[in-house]
Amino acid sequence: MRCPRSGRSRLLLPWLLVLLFVAGNAGCRTRPIAVEPVLVIHGGAGVPSKSELTPEGDRAYREGLTEALVAGHAVLRQGGSSLDAVTAAVRVLEDNPLFNAGRGAALNRDGVAELDSAVMDGATLKAGAVAGVRTVRNPVDAARKVMERTPHVLLAGSGAEAFAVSAGLPVVSNAYFITEARRRQLQEILDAPSRRAALPASVGFGTVGAVALDRSGHLAAATSTGGLAGKLPGRIGDSPLIGSGTWADDATCAVSSTGQGEFFIRYAVAHDIAARMAHGGRSVDAAAREVVLGTLVKAGGEGAVIVLDRRGRFSMPYNSEGLFRGWIGSDGIPHTAIHER
Ligand code: ASP
Numbered sequence: 049m050r051c052p053r054s055g056r057s058r059l060l061l062p063w064l065l066v067l068l069f070v071a072g073n074a075g076c077r078t079r080p081i082a083v084e085p086v087l088v089i090h091g092g093a094g095v096p097s098k099s100e101l102t103p104e105g106d107r108a109y110r111e112g113l114t115e116a117l118v119a120g121h122a123v124l125r126q127g128g129s130s131l132d133a134v135t136a137a138v139r140v141l142e143d144n145p146l147f148n149a150g151r152g153a154a155l156n157r158d159g160v161a162e163l164d165s166a167v168m169d170g171a172t173l174k175a176g177a178v179a180g181v182r183t184v185r186n187p188v189d190a191a192r193k194v195m196e197r198t199p200h201v202l203l204a205g206s207g208a209e210a211f212a213v214s215a216g217l218p219v220v221s222n223a224y225f226i227t228e229a230r231r232r233q234l235q236e237i238l239d240a241p242s243r244r245a246a247l248p249a250s251v252g253f254g255t256v257g258a259v260a261l262d263r264s265g266h267l268a269a270a271t272s273t274g275g276l277a278g279k280l281p282g283r284i285g286d287s288p289l290i291g292s293g294t295w296a297d298d299a300t301c302a303v304s305s306t307g308q309g310e311f312f313i314r315y316a317v318a319h320d321i322a323a324r325m326a327h328g329g330r331s332v333d334a335a336a337r338e339v340v341l342g343t344l345v346k347a348g349g350e351g352a353v354i355v356l357d358r359r360g361r362f363s364m365p366y367n368s369e370g371l372f373r374g375w376i377g378s379d380g381i382p383h384t385a386i387h388e389r
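Just so we're aligned, residue 49 is where the sequence shown starts under this note's numbering, counting upward by one.
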């Protein structure tokens, strides 16, 4: 017996076919739908006050940030991975002596540059980091090699340096990293420890970082730093510690931090932001602000984060005087900010 079709089922049939077609294709799809790539970077929370920053200084910092944005975004525009984009952007900032990473890094109490860096891939949760390296020209590249070529996450000191050499990365003498401005900064700290106690904690901050979303919808993060100026030799900050200064997980967000590393370590800042999104249903902005303007402020920790989610929404809260930062998205135009809220 044939079943007579009602008018309603005749109306529903085309929609049902469309649904079956979409569901079938989704099942066969091997790659996620392409998304608009986004890159967000920072050049540290240790910004001079508005009155201290000269127009020339302002311009130079913005040019440095722009150069990094353009380098990272070129990778994303050509369909490259978020991991390649954050590595490219951070490498540019490491090479720029204005920022506290690579050349121009803050010096430890003995006048030596000891550098930390980490990368994390949000698609796989793989991560790599180096800490306390003194001769690796671009620590972010060494972090990346640790991730790709070893079963480990973090290599430190001479072992990290030997590994970088074996991986074919360029090494330099420690003098390469040291600038006159950093020497003067250290001298001021050593000469007047009591004056330093009266200065904002951000004197001596820096760090650079990047978070990116690529066309395939994958997130990545990278951070690199000379650490706190005047630190004890051997001190390692939050930047190379996964979950403190660096984090990326496609399920939630990518994070790079800057500020007083000891607070970021103890409060597991980067992972706390991701956890608030995962378990508390927070938006990227709510999660980032709760931690930087709530948890950290209550604890007395100064600093900032940049955070990006898989839909390209980002947040850059800071509880310091300002934050050197920049972003580039669908308009393809590099944007920078320092003190602006
Ligand atoms: N967070 C870095 C550290 O503690 C310093 C900084 O951001 O300036 O090593």
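In this text, a Cβ means the ideal position worked out from N, Cα and C, and glycines have one as well.
Check your understanding: Using the beta-carbon count (16 or more within 10 Å), is alanine 74 buried or exposed?
Key -> Confidence at alanine 74 is low in this model, with a pLDDT of 40, below 50, so its placement is unreliable and no value can be given for it.
Point to revise | Inside the stretch 133-171 only - alpha helix (DSSP H) runs reaching at least 4 residues | key: Counting whole runs of 4 or more residues, the stretch 133-171 contains no alpha helix (DSSP H) stretch at all.
Review point. Out of Met364, His327, Leu202, Val256, which has the shortest C-alpha to C-alpha gap to arginine 151?
Key: For the residues Met364, His327, Leu202, Val256, the minimum Cα distance to arginine 151 belongs to Val256.
Practice item. Quick one: using the 10 Å Cβ neighbour count with 16 as the cut-off for buried, is glycine 370 buried or exposed? Key: By the 16-neighbour rule on beta-carbons within 10 angstroms, glycine 370 is buried.
Practice item. Determine the contact status of leucine 117 and aspartate 262, defining contact as a CB-CB distance below 8 angstroms. Key: No, the pair does not count as a contact, with Cβ atoms beyond the cut-off.
Check your understanding: Closest by CA to alanine 336, which one among Arg230, Gly293, Glu310, Gly377?
Key -> The option with the nearest alpha carbon to alanine 336 is Gly293.
Review point. Nearest-angstrom Cα distance between isoleucine 354 and alanine 334?
Key: Distance between the alpha carbons of isoleucine 354 and alanine 334 is about 13 angstroms.
Practice item. Please go through the same chain and pick out, in chain order, the residues whose beta-carbon is closer than 6 angstroms to the beta-carbon of leucine 131, but skip the five residues on each side of it. Key: Correct list, in chain order: Asp169, Ala268.
Check your understanding: What is the DSSP secondary structure of isoleucine 386, reduced to helix, strand or coil?
Key -> DSSP places isoleucine 386 in coil when its eight states are reduced to three.
Review point. Among residues of its own chain, excluding the 5 on either side of leucine 238, which ones have a beta-carbon nearer than 8 angstroms to its beta-carbon?
Key: Excluding sequence neighbours, leucine 238 sits near Arg157, Gly278.
Exercise for review: Can you check the stretch 244-306 for any alpha helix (DSSP H) of at least 4 residues that lies completely inside it and give the ranges in chain order?
Suggested key: Secondary structure within the stretch 244-306: not one fully enclosed alpha helix (DSSP H) run of 4 or more consecutive residues is present.
Check your understanding: Between which two residues does the beta strand (DSSP E) harbouring valine 213 extend?
Key -> Premise fails: valine 213 lies in the alpha helix (DSSP H), 205-214, not in any beta strand (DSSP E).
Point to revise | asparagine 367 versus glycine 120 - alpha carbon distance | key: Taking the straight line from one Cα to the other gives about 27 angstroms.
Check your understanding: For isoleucine 321, is the classification buried or exposed, using 16 other Cβ atoms within 10 angstroms of its Cβ as the cut-off for buried?
Key -> Buried, by the Cβ-count rule.
Check your understanding: Hey, quick one: how far does the beta strand (DSSP E) through valine 332 stretch, first residue to last?
Key -> Valine 332 -> not in any beta strand (DSSP E); alpha helix (DSSP H) instead, spanning 332-337.
**Study point:** Endpoints, the alpha helix (DSSP H) within which aspartate 106 is located
**Key:** Per DSSP, aspartate 106 belongs to the alpha helix (DSSP H) from 103-125.
Exercise for review: For histidine 327, decide whether its Cβ has a neighbour in chain C, counting only Cβ atoms nearer than 8 angstroms.
Suggested key: Of the chains in the structure shown, none is chain C; there is only one protein chain.
Exercise for review: Would you mind working out which of Ala385, Ala161, Asp106, Ser264 sits nearest alanine 223, comparing C-alpha positions?
Suggested key: Residue Ala161 is the option with its Cα nearest to alanine 223.
Point to revise | 6 angstroms Cβ shell around alanine 240 - same chain, five flanking residues per side excluded | key: Here alanine 240 has no same chain residue with a Cβ atom under 6 angstroms from its own Cβ, once five neighbours each way along the sequence are excluded.
Exercise for review: Identify which residue in Glu388, Val259, Leu155, Ser378 has its Cα closest to the Cα of leucine 356.
Suggested key: Leucine 356 has its Cα closest to that of Val259, out of Glu388, Val259, Leu155, Ser378.
Practice item. Return yes when the C-beta of glycine 282 is under 7 angstroms from any heavy atom of ligand 1, and no when it is not. Key: If you check the C-beta of glycine 282 against ligand 1, you find no heavy atom less than 7 angstroms away.
Check your understanding: What is the DSSP secondary structure of alanine 71, reduced to helix, strand or coil?
Key -> The predicted model places alanine 71 with a pLDDT of 44, which falls under 50 and marks its position as unreliable; any figure quoted below should be read in that light. DSSP places alanine 71 in helix when its eight states are reduced to three.
Check your understanding: Hey, glycine 112 and threonine 306 are a contact pair by Cβ (cut 8 angstroms); roughly how many whole angstroms apart?
Key -> Between glycine 112 and threonine 306, the beta carbon gap of about 15 angstroms keeps them out of contact (Cβ cut-off 8 angstroms).
Point to revise | Any non-hydrogen atom of ligand 1 closer than 7 angstroms to glutamine 235 Cβ | key: Glutamine 235: no, Cβ never under 7 angstroms from ligand 1.
Check your understanding: Just checking my contact of glycine 377 with glycine 360 at CB under 8 angstroms: how many whole Å lie between their CB atoms?
Key -> Correct: roughly 6 angstroms between the Cβ atoms.
Review point. Glutamate 142 to asparagine 186, Cα distance in whole Å?
Key: In a straight line, the C-alpha of glutamate 142 is about 7 angstroms away from that of asparagine 186.
Practice item. Would you kindly work out how many angstroms separate the C-alpha atoms of proline 365 and threonine 102, rounded to a whole number? Key: If I take the Cα positions, the gap works out to 24 angstroms.
Review point. Of all the options Gly380, Phe372, Asp379, which has the alpha carbon lying nearest to the alpha carbon of histidine 387?
Key: When only C-alpha atoms are compared, the closest one is Phe372.
Exercise for review: Would you give the residue range spanned by the alpha helix (DSSP H) that arginine 324 belongs to?
Suggested key: Counting along the chain, the alpha helix (DSSP H) containing arginine 324 begins and ends at 317-328.
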